[in-house]
Each structure stands twice: as structure tokens, then as C-alpha cells.
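Mapped onto our numbering, the consecutive letters of the sequence shown carry residue numbers 2 to 520.
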Amino acid sequence: MLIRLTDLVAISALRAPDSIALREAPVSEGQNSRELTYGQLSDRIAVAAHALASGGLRRGERVVVSAEKKLESVVAMFAATSIGAVFVPLNPVLRLAQVEHILHDSGARMLIGSRAKLEQVGVDGVRCVAWDPDEDFLDWRSDEVPGNGKRAGTPIELDPAAILYTSGSTGLPKGVVLSHRNLVAGAQSVVEYLGNDSHDRLLAALPLSFDAGFSQLTTGFLAGATVVLHTYLLPQDCLRTMASERITGLTAVPPLWIQLAEREWPSEAAACLRYFASTGGAMPREVLAGLRRRAPRAAPVLMYGLTEAFRSTWLPPGEIDRRPGSIGKAIPGAEILVLRPDGTECAPDEPGELVHRGPTVTLGYWNDPARTAARFRSIPGRAAGLPIAEHAVWSGDHVKRDADGFLYFLGRRDEQIKTSGYRVSPTEIEQVLQALDGVVECVVFGEADQRLGERIVAIVYPDAGLSRGERGNVLLRLLRDRLPSYMVPSRIVFRDEAIPRGPNGKFDRQALAALYRAE
């Protein structure tokens, strides 16, 4: 029975110990790759866990792990959870101030990473354990971790396993606490709807510090598949690795898909790919069409999620053309509700807040009981007789559900534009813009205006089909035919390159609005 995170590896090791579990894709031509079978990976995790426990790491203590695309990173994270500790994956691209915040906020006792990475960080007050890049593998020695003579505990499925720090639109990153149950249930759900099995070869292109990035590990290990760790510099590197490693499944965010859709694919990359999945924001219509041309045999899968519940919905490939703009239905094992502020369910096509129930609902925010209480709440009228109420995630996202049960994203509750006495969803305008020929991607936000309250500004990244001289007039004319006058942008700003996104792959409206004002 799957209970703990390390069970994903242990069970696959029993079934097929000689199958390749994990590979490091070469960063440059001529470089040797490293790999571990499931049997070897299970043994490495056990050795590392013993070293940490012998050194005095205890149940519940936090271990920050530099989430470089290395075998050692994966071993360290899984080893920490096997003795009841909580790993905190650290995105290698973070700056020192962000690293210091995560170390301080998490109350980390230890920082694990490559020697080069730890020298860059240089944080005092936290014990550092390094792996040597010149060695064949991480040299786990018990004298490298502080000992206190106490043994670590054995975790249960409800214990915290990880804290994922995710950035919001304002303020410092917040830590979302995930249990063993959350991670295992998420893997089971993804394997079910993607149909993963031991023949798959999954490319881990997303950062392992993201929920969707770490999910490539849990999904692959549950299915007994091979997970290929890849640190790419250019999109073409990603395509070459897809071809050389015979990748069958790739999950990425829209910025990478936009770049891949613009390039020619090696025939081997397209021939092997069974599916491509997108998360972290809406997939631009023209990008989806381009990917389908590049990889006609691969099934496109569109997903919506939030770190607080891992993933909420998926749109099956057969529904994409029939339901443009939909974020799909609930993932297996979850229930998605559309609720009014009083907790009652909305009627079909009535806007409401997306609320997620199920085993992937996380434990809340680390060190932030007020924010946890605001987002993780019980549903009025549900299971009222239980002594401990079940908590659901109130996402803050506005959606609507059609008569067939398919959901459509309308926007964030706190992103509405108030103009001319109306409340306008920027996402609704973006969906209309995105459907127009010549628009690759777009972002809409409000700007203070004395007369209107706020005026609507749209940032658009066009393709070559819209000429520079005519594109503004063309889009405005088309928008006036499709939107009421109060929803038509007062200004359209064109960019000659892709619109910048945050580290989680999503558009940060506040940051883009600030950039617009500065320019």
C-alpha cells in the first residue's frame, strides 16, 4: 500500500529493480550521462536516510535542498522524507535575499547542495552538507551532519513531507505544506488521466521546486517509468534531448511551449512523443496549433492547478477543439465546486469561486495561520456532524461551469477592473483577444483613470501576420464587434517579443502594469 513518498520508489524497485528510474541528460555534446536503476535509487535513498538519521536529523525538521537537476538532489529530498523530515526544494536561480528568506521562514536546520552552489549562497547559521561534483555520487558521511543521539521518526501519510515556496503577485514567497498523502495522491491522479506506464520516458524540464516539476518524479516513479533530468539553456537543447532520450511525455509551461512551437523539431522528437501537457497558464491558441503541426501523433493535454491543491482540472485531448477556452473537469480523485460567497453552489454559467475538495488539498501555509484560515475552509452545510470539519481550498479564482460540467476560467477575484461603473474580468477580454488571428499571447489590466475609474490596457505579442502599421486598428475593430464598448481596451501596446512571465510561468499583472507605467 502506498503511504509515504519513498513508497513510490520502493515498490517500483521490487517490481523491476533493473529498470532505469532516473537519468541526467548531458548538458553538452560529448558529456557522459549518469543514471540509476530503481534498485540503485532505492539503495541510495536508504544510505542517505541512514546518514541523516545517524547525524541526528529528527522528524519534522526542515531540510532545504538545492533542487539542481542532479541525481543527488532527488536522493536528498526522498531520503529526508523517509525519516520524517520535511524537504524544502530551492530553485537554483533564486538570489541570495530569496534564499535567506526561505531558510529563515522555514526554520531550516540544514542546507544540502553542490559545493559550488553552497559557496554562492554563503548563509550563516544553517549547517551545510555538500556533494562533490567530482565524485561518482554523493558521499553521505554521518560526520557531515550534526549529531545529537536522537533517532528520527517514521512518517505516516498525513505528516508533512515538503514545503514548496511559491511567489504571489506581491510580497515574499509563501510556503505551501504538502503531506505524504498529497504527493502520493497527486501521482496516482496524474498517472490515471495521462495513462503513464513503465514504457514512458518523461522529461523533467520544469524546476523541481515547482509542484508540476516535482510531479514528474512522483508520476514517473509510480508508473515505473524513466525520468530524465534536463537543464537546458536554449529551447533547441530541449528538442535535441527529446530526440536523443526518446521522450514520450513532456509537461511544460506556456513560455517554453511558445519557444518550442517556433522551432523545427527533429523527426525523432516528434515520433516518440506520446503527449504534451501544459500547466501554469492558458495555452495560446496559435501555439497549440503550432505544436500539433510539429508533433501530430502526440495528444495535447491542458491542465489547471494551484499549488495549494497540486492540480484541479484537466481537459482531455478530445475536448480541446469542441470546448475552446475550457479548463476541463476535475482530476481523478477530486471534486471541484463553483460556489457563491455564502457557500451555495452556482447554477450553470453563473460565475463563482472555484473550490477544490480531495486528497491533494495541502496542509496550509507554513508559519501563516491567518492566510491559511482564509484559504483553507470548510464548506457550509457539508458533513456538519463531523467533529473535525473537512477543509477545502477556496482558490480565489472566478470560474463558470457549463451545462455539461466543463469549467471556464474567468479571472482572479482580486484582478477585476472597475471601469465606467462595471466590474470587468481581464481574462474575459484576453480570451476574446486570444481568439483573434495574429495574436500569440496577451495580458489585460487596469490603469487608474480620473474619468473612468480605471481604463483598460492590453499588452499584445503579435505574429508576423499583423503588420506594424495596421495591427492596432485591426484589433480594435475586431474587438468592438465582439465586446461591449466598456470592455474594449483604451490602449493596446504591442511587443516584439514574448510577454515576460514570473518564475512560476504565469503572468504577473501587477508587475506588467508597473513595467508598462515605467516604459
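Cβ atoms here follow ideal geometry from the backbone N, Cα and C, with glycine treated the same way.
Original post:
Whole-angstrom Cβ separation of A541 and R60, contact assumed at under 8 angstroms?
Top reply: The requested residue 541 is not part of the displayed model; the chain covers only 2 to 520.
**OP:** For P333, collect the residues of the same chain with a Cβ closer than 7 angstroms to its Cβ; drop the 5 residues on either side in sequence, then sort them by chain order.
**Re:** S190, E193, Y194
Original post:
Within 10 angstroms of its Cβ, does V10 collect 16 or more other Cβ (buried), or is it exposed?
Top reply: buried
Original post:
What's the call for P342, buried or exposed, on a 16-neighbour Cβ count within 10 Å?
Top reply: exposed
**OP:** Identify whether K118 lies in helix, strand or coil by the three-state DSSP scheme.
**Re:** helix
**OP:** Could you name each continuous beta strand (DSSP E) segment of 3 residues or more that falls completely within the region 166 to 246, going from the start of the chain to the end?
**Re:** 175 to 180, 202 to 205, 227 to 230
Subject >> Which residues DSSP lists as bridging P301, in chain order >> reply: F277
**OP:** Say whether chain B places a C-beta atom closer than 9 angstroms to the C-beta of A310.
**Re:** Reference to chain B is not applicable here, since this structure consists of a single protein chain.
Subject >> Alpha-carbon spacing of F88 relative to V66, whole angstroms >> reply: 7 angstroms
Subject >> 3-residue-minimum beta strand (DSSP E) runs that sit fully inside the region 340 to 403, ordered along the chain >> reply: 353 to 358, 393 to 402
Original post:
In chain order, what residues of the same chain have a beta carbon less than 8 angstroms from the beta carbon of A271, not counting five sequence neighbours either side?
Top reply: R295, A296, P297, R298, A299
**OP:** Answer with buried or exposed for G353, where buried requires no fewer than 16 other C-beta atoms within 10 angstroms of its C-beta.
**Re:** buried
Original post:
By how many angstroms is the C-alpha of I259 removed from the C-alpha of A290?
Top reply: 11 angstroms
Subject >> Local conformation of P333 per DSSP, three classes >> reply: coil
Original post:
How far does the beta strand (DSSP E) with T420 in it reach, from first residue to last?
Top reply: 418 to 420
Original post:
Looking at the unbroken alpha helix (DSSP H) that takes in I457, where does it start and where does it end?
Top reply: No alpha helix (DSSP H) holds I457; the beta strand (DSSP E) holding it covers 454 to 463.
Original post:
Distance, Cα to Cα, N33 vs N92?
Top reply: 24 angstroms
Original post:
Among R383, T155, T242, which one has its Cα closest to the Cα of A393?
Top reply: R383
Original post:
By DSSP, does I328 sit in helix, in strand, or in coil?
Top reply: strand
Original post:
Using the rule of at least 16 other Cβ atoms within 10 Å of the residue's Cβ for burial, across every protein chain shown, is T345 buried or exposed?
Top reply: exposed
**OP:** Go ahead and label V94 buried or exposed: buried means 16 or more other beta carbons lie within 10 angstroms of its beta carbon, across all protein chains shown.
**Re:** exposed
Original post:
Expressed to the nearest angstrom, what Euclidean distance is found between the alpha-carbon atoms of L104 and G326?
Top reply: 39 angstroms
Original post:
What is the DSSP secondary structure of I46, reduced to helix, strand or coil?
Top reply: helix
**OP:** Classify F79 as helix, strand or coil using the three-state DSSP reduction.
**Re:** helix
Original post:
Does DSSP put A163 in a helix, a strand or coil?
Top reply: strand
Subject >> Run of the alpha helix (DSSP H) containing V10, from where it starts to where it stops >> reply: 8 to 16
**OP:** Please confirm if the region 280 to 290 is in contact with the region 235 to 250, defined as three or more CB-CB distances below 8 angstroms between the two stretches.
**Re:** no
Subject >> Per-residue burial, Y487 [other beta carbons within 10 Å of its own, 16 or more giving buried] >> reply: exposed
Subject >> Three CB pairs or more closer than 8 angstroms across the region 501 to 516 and the region 278 to 288 >> reply: yes
Original post:
Does DSSP put V34 in a helix, a strand or coil?
Top reply: The question names Val, but residue 34 in the sequence shown is Ser. Looking at S34 - three-state DSSP - the assignment turns out to be coil, as it is neither helix nor strand.
**OP:** Have a look at A335 and A224 and give me their C-alpha separation to the nearest angstrom.
**Re:** 20 angstroms
Original post:
Going along the chain, which unbroken runs of the beta strand (DSSP E) with 3 or more residues stay wholly within the region 484 to 520?
Top reply: 492 to 495
Subject >> P370 versus S396 - alpha carbon distance >> reply: 16 angstroms
**OP:** Let me know the secondary structure DSSP gives D19 once reduced to three states.
**Re:** coil
Original post:
Looking at G447 and the ligand SAM, is the gap between the Cβ and the nearest heavy atom below 8 angstroms?
Top reply: In terms of ligand content, the structure shown is empty, and the ligand SAM therefore cannot be addressed.
**OP:** Would you tell me roughly how many angstroms separate the C-alpha atoms of S43 and R241, rounded to the nearest one?
**Re:** 30 angstroms
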